[in-house]
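Line order of the protein sequences matches chains A and B. My numbering puts the first sequence at residues 1 to 383. My numbering puts the second sequence at residues 1001 to 1123. Working notes, beginning with the structure itself.
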Amino acid sequence: MTATDNIATLEESLPLEALPLDAWHRARGARMVGFAGYHMPIQYDGIMAEHGWTREHAGLFDVSHMGQLTFSGEGVDEALELLLPSDIKGLKPFRQRYSMLLDRDGGILDDLMVSRLGDGAFDDAAIYMVVNGATKYDDIAWMIEHLPDAVIMNHMADQALLALQGPEAGEAMAVLVPGTAELTFMQCGAFEWNGVPLWISRSGYTGEDGFEISLPADAANAFADALCALPQVKPIGLGARDSLRLEAGLPLYGHDLTPAVSTIGADLGFAISKRRREEGGFIGHGRVMKELADGPGAKRVGLTIEGRLPAREGAQIYVGDVQVGDVTSGGFAPTVGAPIAMGWVSLPHSAIGTALEIEVRGKRIGAKVAPMPFVPHNYRRKA
Amino acid sequence: MSRYFTDEHEWIDVEGEIATVGITDYAQEQLGDIVFVELPAEGTTFDKGDDAAVVESVKAASDVYAPISGEVIETNGALEDEPALVNSDAEEDGWFFKLRMTDPSELEGLMTEAAYKKFVASL
């Protein structure tokens, strides 16, 4: 047998590095794979069980491979507004936004979270950013090229990042860090646990309520132990992280988003405020405005699949004999109980309900453009 | 009846000229939760090493090769409704297909259970 694992892409040219919780994962029976240049846990008990646990209780994910950056200095907001299409000047302290880096043609270089710090967190820096692990060094190089000398970017390589996700994440987190009960979706703040400084946002990548916790790498073991000692919490691997985010309709950079595609086509226009659309002044603005006016050539869509055979990344999408798109993420969706997919299809075939066919190993299977998320989001929004 | 194993993690039960083929318990463990098994049509003929079936786990599709040449005479219909049988009982009820062998001498290069266990322990 030969397995062609979608997400366990080994970067064979470089030796894999160990993350702060490497031994912690192995001690809990994780199966480790190479991902984004690191040894990472793909599963512990099995993807189905871990996926289900996260949807019903709370799952702890190690996402320390992601890039954590801070920005400070004179003119930091203006400088970041050149790089990001989002409203940074209007971003209040303790608020987080989804954004992305665009290239000069409006192609997506990465997607990311950006928040305004406060309470002296991260040495009084102004802005905190989390970027994808596989792209972080390219992102840093791109930003260095475009940031003025007065703005200081710091890559916090000694900082771990954990995510606690699921309907019981709130009660579990409140046991260790009571103040987090006040946070609602996309709010963040500085907290403390046993003298360890934590930066916590109420956000995640599963569609569930939950948190992302940035903490010093040398405290990650103890904090992960404390969380997993709670009855609500189990460690969850990358495999379930991928099936959870796919059900939540959230794109995966490098698969659903690439430099070849645009913000508007990706249905991520919500990340660009009205002011930024009108004023421009960010790299890639031309493409955004053109596609807002004329429509994008293709769109990112959700796909429901007939039958049980999963359609995976790379499968071609057809209407009759004409290829109209490609699957960019796909697999069996444990909570849905059927295969689902995300893909890009040309605009005329992208309306919800459009019947399409996907070719899998020479066979055509029926598919339909479906609204996303596939499983309703369960965020804790402000009342 | 004798059971043989391949280094591609398949088992083969041989009774007369009929070979029953499945994947090993080690293989199902490596693949994780199996959600779909694509089986060959009855009457298909394979040369040893041909693509014979595909196992879809939550994350990945994996090919299963014909461990021996022959004609498919029966497939395990139970896997259509319950692909997870491969996880729960890989080496008995989770069998994939039965072949009428065309060259039983191909069995000679395959492993015994003891040799396969040793092979897996070395991985």
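Beta carbons: idealized from backbone N, C-alpha and C, even for Gly.
Option in the options with minimal Cα separation from residue i
i: N132 of chain A; options: A:M372, A:Q187, A:S64, A:G265; result: A:S64
i: K234 of chain A; options: A:D158, A:H57, A:E171; result: A:H57
i: M372 of chain A; options: A:V301, A:D124, A:H25; result: A:V301
i: I236 of chain A; options: A:L21, A:E74, A:G265, A:E17; result: A:L21
i: R26 of chain A; options: A:E17, A:F35, A:H39, A:I144; result: A:H39
i: D218 of chain A; options: A:G204, A:L238, A:V196, A:L227; result: A:V196
i: P41 of chain A; options: A:A30, A:E50, A:M48, A:Q165; result: A:A30
i: E278 of chain A; options: A:A293, A:A355, A:G320; result: A:A293
i: F332 of chain A; options: A:V130, A:L246, A:L268, A:R116; result: A:L246
i: W142 of chain A; options: A:A79, A:G166, A:G297, A:M186; result: A:A79
i: A1060 of chain B; options: B:L1079, B:P1067, B:I1034; result: B:I1034
8 Å Cβ cutoff, residue i in contact with chain B
i: R275 of chain A; result: no
i: S350 of chain A; result: no
i: S413 of chain A; result: Outside the shown range of chain A, which is 1 to 383, sits residue 413 of chain A, and nothing can be said about it.
i: I317 of chain A; result: no
i: G254 of chain A; result: no
i: R241 of chain A; result: no
i: P197 of chain A; result: no
i: P334 of chain A; result: yes
i: E11 of chain A; result: Model confidence at E11 of chain A stands at a pLDDT of 44, short of 50, so the residue's coordinates are unreliable; what they give is reported in the following sentence. Output row for E11 of chain A: interface = no.
i: R308 of chain A; result: yes
i: R361 of chain A; result: yes
Residue i at chain A interface by Cβ criterion, 8 Å
i: A1019 of chain B; result: no
i: D1033 of chain B; result: yes
i: V1014 of chain B; result: no
i: V1058 of chain B; result: yes
i: F1036 of chain B; result: yes
i: V1054 of chain B; result: yes
Neighbour-count burial assignment, residue i, 16 or more Cβ in a 10 Å radius
i: A229 of chain A; result: exposed
i: K1101 of chain B; result: The amino acid at residue 1101 of chain B is misidentified as Lys; the sequence shows Met. Classification for M1101 of chain B: buried.
i: S1002 of chain B; result: exposed
i: K89 of chain A; result: exposed
i: T1112 of chain B; result: exposed
i: H349 of chain A; result: buried
i: G189 of chain A; result: buried
i: H146 of chain A; result: exposed
i: I1023 of chain B; result: buried
Residue i: contacting residues in chain B (beta-carbon distance under 8 Å)
i: S99 of chain A; result: Going along chain B, no residue has its Cβ under 8 Å from S99 of chain A, so there is no contact; the nearest lies around 29 Å.
i: G46 of chain A; result: G1032, D1033
i: Q43 of chain A; result: G1032
Contact set for residue i: own chain, Cβ-Cβ below 7 Å, skip 5 residues either direction
i: A351 of chain A; result: V369
i: A8 of chain A; result: Here the model assigns A8 of chain A a pLDDT of 41, short of 50, so the residue's position is not dependable, and the following value carries that caveat. Closer than 7 Å at Cβ, skipping near neighbours: V33, G34, F35, I42.
i: L257 of chain A; result: I108, D111, P251, A266
i: F374 of chain A; result: E247, G249, G302, A333, V336, I340
i: M173 of chain A; result: L164, T180, F211
Chain A residues whose Cβ lies nearer than 8 Å to that of residue i
i: A1090 of chain B; result: Those within 8 Å of A1090 of chain B in chain A number zero; the least Cβ separation is about 12 Å.
Within chain B, partners of residue i - CB distance below 7 Å
i: Q165 of chain A; result: Ordered by position in chain B, no residue passes the 7 Å Cβ test against Q165 of chain A, which lies about 18 Å from the chain.
Same chain, Cβ closer than 6 Å to residue i, five either side skipped, listed in chain order
i: G118 of chain A; result: P93, F94
i: A3 of chain A; result: Confidence at A3 of chain A is low in this model, with a pLDDT of 45, below 50, so its placement is unreliable and the value that follows should be read with caution. Same-chain partners within the cutoff: there are none.
Sequence-distant residues of the same chain with beta carbon closer than 8 Å to residue i, five excluded per side
i: G254 of chain A; result: N132, A134, T135
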